[in-house]
Amino acid sequence: MYLENRGNRPTKSGFGQGILEAGKIQPELMVLGADITASVGLDSFAKEFPERFFSLGIAEQNCAGVAAGMALSGKIPVFSTYGVFAALRSSDQIRVSLCYNNLHVIIGGAHAGLSVGPDGATHQALEDIAIMRVLPNITLLSPCDATQAALLTKMAVKDLKGPVYIRFGREAVPDFIPENIETTIGKGQLLKNGKDISIIATGHMVWEALQAAKMLWMKGVDARVINIHTIKPIDKDIILDAARETKKIVTVEEHQAFGGFGSAVAEVVSQHCPVKIKIIGVKDTFGESGQPAELMQKYGLNAGNIFNEALLLMNDSR
Amino acid sequence: MTVKKIQDVEDLRKISFHIRRNILRSLAASGSGHTGGSLGLADVFTCLYFSVMNHNPQNPRWEDRDRLVLSIGHVAPVLYATLAQAGYFPVEELLTLRKLGSRLQGHPGRDHGLPGIELSAGSLGQGLSVATGMALAAKYDKKNHRIYCVMGDGELQEGSVWEAAMSAAHYRLDNLCVIVDRNKLQIDGSTSDVMEIEPLADKWRSFGWKVIACNGNDHKDLLSSFSENEKSSGMPVVIIANTLMGKGVKAIENNYRWHGKAPTKEEAEQFIAALE
Numbered sequence: 000m001y002l003e004n005r006g007n008r009p010t011k012s013g014f015g016q017g018i019l020e021a022g023k024i025q026p027e028l029m030v031l032g033a034d035i036t037a038s039v040g041l042d043s044f045a046k047e048f049p050e051r052f053f054s055l056g057i058a059e060q061n062c063a064g065v066a067a068g069m070a071l072s073g074k075i076p077v078f079s080t081y082g083v084f085a086a087l088r089s090s091d092q093i094r095v096s097l098c099y100n101n102l103h104v105i106i107g108g109a110h111a112g113l114s115v116g117p118d119g120a121t122h123q124a125l126e127d128i129a130i131m132r133v134l135p136n137i138t139l140l141s142p143c144d145a146t147q148a149a150l151l152t153k154m155a156v157k158d159l160k161g162p163v164y165i166r167f168g169r170e171a172v173p174d175f176i177p178e179n180i181e182t183t184i185g186k187g188q189l190l191k192n193g194k195d196i197s198i199i200a201t202g203h204m205v206w207e208a209l210q211a212a213k214m215l216w217m218k219g220v221d222a223r224v225i226n227i228h229t230i231k232p233i234d235k236d237i238i239l240d241a242a243r244e245t246k247k248i249v250t251v252e253e254h255q256a257f258g259g260f261g262s263a264v265a266e267v268v269s270q271h272c273p274v275k276i277k278i279i280g281v282k283d284t285f286g287e288s289g290q291p292a293e294l295m296q297k298y299g300l301n302a303g304n305i306f307n308e309a310l311l312l313m314n315d316s317r
Numbered sequence: 000m001t002v003k004k005i006q007d008v009e010d011l012r013k014i015s016f017h018i019r020r021n022i023l024r025s026l027a028a029s030g031s032g033h034t035g036g037s038l039g040l041a042d043v044f045t046c047l048y049f050s051v052m053n054h055n056p057q058n059p060r061w062e063d064r065d066r067l068v069l070s071i072g073h074v075a076p077v078l079y080a081t082l083a084q085a086g087y088f089p090v091e092e093l094l095t096l097r098k099l100g101s102r103l104q105g106h107p108g109r110d111h112g113l114p115g116i117e118l119s120a121g122s123l124g125q126g127l128s129v130a131t132g133m134a135l136a137a138k139y140d141k142k143n144h145r146i147y148c149v150m151g152d153g154e155l156q157e158g159s160v161w162e163a164a165m166s167a168a169h170y171r172l173d174n175l176c177v178i179v180d181r182n183k184l185q186i187d188g189s190t191s192d193v194m195e196i197e198p199l200a201d202k203w204r205s206f207g208w209k210v211i212a213c214n215g216n217d218h219k220d221l222l223s224s225f226s227e228n229e230k231s232s233g234m235p236v237v238i239i240a241n242t243l244m245g246k247g248v249k250a251i252e253n254n255y256r257w258h259g260k261a262p263t264k265e266e267a268e269q270f271i272a273a274l275e
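Chains A and B supply the protein sequences, listed in that same order. For the first sequence, numbering that gives the first Met the number 0 begins at 0 and goes up steadily by one. For the second sequence, numbering that gives the first Met the number 0 begins at 0 and goes up steadily by one.
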């Protein structure tokens, strides 16, 4: 399958589009605003359905709790803010009021990763996957592009029952996932088959993984590329097939390399089919200001670095 | 369909006596739990479940019921004893409190299937936000049911409480009523020593709330406060219920050491014999 970039779009626009479309079909969908409604892509919903939009100000803990109360009253509330605030500031409310009560609330973790750019370390969510994925009952989604963000958002509203954290970014990134590709929450997607090594990626790192695979092909390495858009529950089968059939795995995430997506893959592989894994992510450090592309380059989150790491792993015969 | 409401203060006192007795028995059976606050709130819970709230133990999920959000999950024993007294489940089940496999979790847990539990809660400072969400949803749906939220005074030290208080006033949620269990004690000692929360009424007022203060161990005073609450228009209401921690058992009244301690079986029987 050859995947083409249809043009760059921020994944947050997919989230906003998904919420708006879901809201047109499902009258119980309510949106809670945390002062940055437009930045997280929810302004179109707020304009279309003002009576279903509730501004709650800069108060993320309260936002999560109010969402719980609405969900207990038969609504499907959505709240979204920067991932750092959504996942971390309100994490106790998410743990107890949302996850322990197992309530169907959509939490949008916006501006995820380094690609927020110039805002710098305080606003770059690099820990949210790690924190959200250990919470019982939660579903953790990480779409690879805007098209997938819209689709997964609609599916999360319509098909899921418990709390959902959906992670997306602000920077415009390639929109490439075919609209007709089979998409099931909890199932990974094989985007390119290959027998020598597997690159398993999440979020917009999937596009970089595809580019790295092309570069590897030129070096005679046949790399498999897998998109994991559901980090929890994770698709064990597609990961274990990759481990058995290619024996080597590189994971890529725009997140800390500890405790996040790579760790989730390693938990599966190490227990069922141990093979060598290279986890590409931010190496236990905070981010900094800079243009998104500069930061991705500096922190090794681009096709070039994935290519290098994959070659190193290919040549690692220990 | 709601339960029949009791207005006779003597009848309510008798119910509170049974609830206190069952709180002590369940705590003695469990060997751990929060005695002081549970006893102190018995009169508030009696009034809510037997005189104020529209609810139906035969149909706990009745859509138009009034909701009680217990933000201070640690006083679960008074909620459980009241629900059992009201007929939500057999009184004998109170003896399973905090035991493995029990529906009566140390702090209320909806996932364990006990009827009448609106919210799994116990991490302080969260209940008012949830109650606010319920009240907003009720307004949106043009429903007339009311949301009651029982909070502790020490709990008001949590910052998230004031985020919620601000939002409930912003949306003019006059279908929301907070009851603050003002017993002036918390685990480390008196609230004024641990972290002063006064001037409490002024704090709520300045956040846009209607404030009613009462003796939280006096049924008559409580009933008139609750009826005053129902008249509120355009503002959420807080009832500052001045209570005695451990109320009803002279030996432990107003003693913060009984915040998080359960009586032994012998103590429980002594306390019950001396119950007022």
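For each residue, glycine too, the CB sits at the ideal point set by N, CA and C.
Worksheet item: Under a three-way DSSP split, which group does PRO262 of chain B fall into?
Response: coil
Item to complete: Return the residue from the list B:SER25, B:HIS33 and B:LEU40 that minimises the CA-CA distance to HIS218 of chain B.
Response: Residue B:LEU40 holds the alpha-carbon nearest to the alpha-carbon of HIS218 of chain B among B:SER25, B:HIS33 and B:LEU40.
Fill in: Whether HIS73 of chain B touches HIS111 of chain B by CB criterion (8 Å)
no
Practice prompt. Out of A:LEU2, A:ALA111 and A:GLN123, state which residue places its alpha-carbon closest to the alpha-carbon of GLY286 of chain A.
Written response: A:GLN123
Worksheet entry | Three-state class that DSSP yields for CYS98 of chain A in the structure shown | helix
Practice prompt. Report the residues of the stretch 86–103 of chain A with a CB closer than 8 Å to any CB of chain B, ordered along the chain.
Written response: ASP91, GLN92, ARG94, VAL95, SER96, TYR99, ASN100 and ASN101
Item to complete: Spell out whether any CB of chain A is found under 8 Å from the CB atom of MET133 of chain B.
Response: yes
Worksheet entry | Span separating the alpha-carbon of ALA85 of chain A from that of HIS228 of chain A | 19 Å
Worksheet item: So which residues of chain A does ALA273 of chain B contact, with C-beta pairs closer than 8 Å?
Response: Near ALA273 of chain B there are no residues of chain A at all, since even the closest Cβ is about 37 Å away, more than 8 Å.
Item to complete: In angstroms with no decimal places, state the Cα-to-Cα distance between TYR255 of chain B and ILE196 of chain B.
Response: 17 Å
Discussion item. Looking at the strands, I want to know which residues DSSP matches up with PHE78 of chain A.
Written reply: A:LEU31 and A:ILE106
Item to complete: Keeping to the same chain, check which residues put their C-beta closer than 6 Å to that of LEU300 of chain A; ignore five residues upstream and five downstream.
Response: Excluding its 5 nearest sequence neighbours in each direction, LEU300 of chain A has C-beta neighbours in its own chain below 6 Å: GLU253, listed in chain order.
Practice prompt. Please indicate yes or no: does the CB of GLU154 of chain B lie closer than 7 Å to some heavy atom of the ligand ADP?
Written response: With respect to small molecules bound, the structure shown includes none, and the ligand ADP cannot be examined in it.
Worksheet entry | Sequence-distant residues of the same chain with beta carbon closer than 8 Å to GLN25 of chain A, five excluded per side | ILE75, VAL156 and LYS157
Practice prompt. Please name the residue in B:VAL129, B:ILE271 and B:SER101 whose C-alpha comes closest to that of LYS249 of chain B.
Written response: B:ILE271
Worksheet entry | Endpoints, beta strand (DSSP E) assigned at ASN7 of chain A | 7–9
Worksheet entry | chain A contact for SER122 of chain B (CB, 8 Å cutoff) | yes
Worksheet item: Do the CB positions of GLY258 of chain A and ILE165 of chain A come within less than 8 Å of each other?
Response: no
Discussion item. Checking 8 Å against the spacing of the C-beta atoms, do MET234 of chain B and TRP208 of chain B come in under that value?
Written reply: yes
Worksheet item: Can you pull the DSSP bridge partners for LYS247 of chain A?
Response: A:LYS275
Practice prompt. With DSSP collapsed to three states, give me the class of HIS54 of chain B.
Written response: coil
Item to complete: Find the residues of chain A that neighbour ARG64 of chain B, judging by a C-beta separation of less than 7 Å, and give them in chain order.
Response: Correct list: empty, because the minimum Cβ distance to chain A is about 11 Å.
Discussion item. With three or more C-beta pairs closer than 8 Å as the rule, is the stretch 192–201 of chain A touching the stretch 282–297 of chain A?
Written reply: no
Worksheet item: From which residue to which residue does the alpha helix (DSSP H) around LYS191 of chain A run?
Response: It is not in any alpha helix (DSSP H) - LYS191 of chain A instead sits in the beta strand (DSSP E) that spans 188–191.
Worksheet item: What are the residues that DSSP puts in a beta bridge with CYS213 of chain B?
Response: DSSP, once it has assigned bridges, lists B:ALA240 as partnering CYS213 of chain B.
Worksheet item: Which term fits ILE57 of chain A, buried or exposed, when burial requires 16 or more other beta carbons within 10 angstroms of its beta carbon?
Response: exposed
Fill in: Neighbourhood of LEU199 of chain B by C-beta distance below 8 Å, restricted to the same chain and skipping five residues each side
Excluding the 5 residues flanking it on each side, LEU199 of chain B has same chain C-beta neighbours closer than 8 Å at ASP152, LEU155, VAL179, ARG181 and ILE239, in chain order.
Worksheet item: Three-state secondary structure (DSSP) at SER54 of chain A?
Response: strand
Discussion item. So, under 8 Å CB-CB, LEU175 of chain B and SER50 of chain B are touching, yes? Tell me the CB distance rounded to an integer number of Å.
Written reply: 19 Å between Cβ atoms; not a contact.
Fill in: Interface flag, SER159 of chain B vs chain A, CB-CB below 8 Å
For SER159 of chain B, the answer is yes, since a Cβ of chain A falls inside 8 Å of its Cβ.
Worksheet entry | Contacts that ALA163 of chain B makes with chain A (C-beta to C-beta distance below 9 Å) | ALA58, GLN60, ASN61, GLY64 and VAL65
Worksheet item: Is there a Cβ from chain A that is less than 8 Å from the Cβ of VAL74 of chain B?
Response: no
Worksheet item: Measuring CA to CA, which of A:GLY40, A:MET204 and A:LEU150 is closest to PRO173 of chain A?
Response: Ranked by Cα distance from PRO173 of chain A, the options A:GLY40, A:MET204 and A:LEU150 are led by A:MET204.
Practice prompt. Output, in sequence order along the chain, the residues in the stretch 30–53 of chain A whose CB is closer than 7 Å to any CB in chain B.
Written response: PHE53
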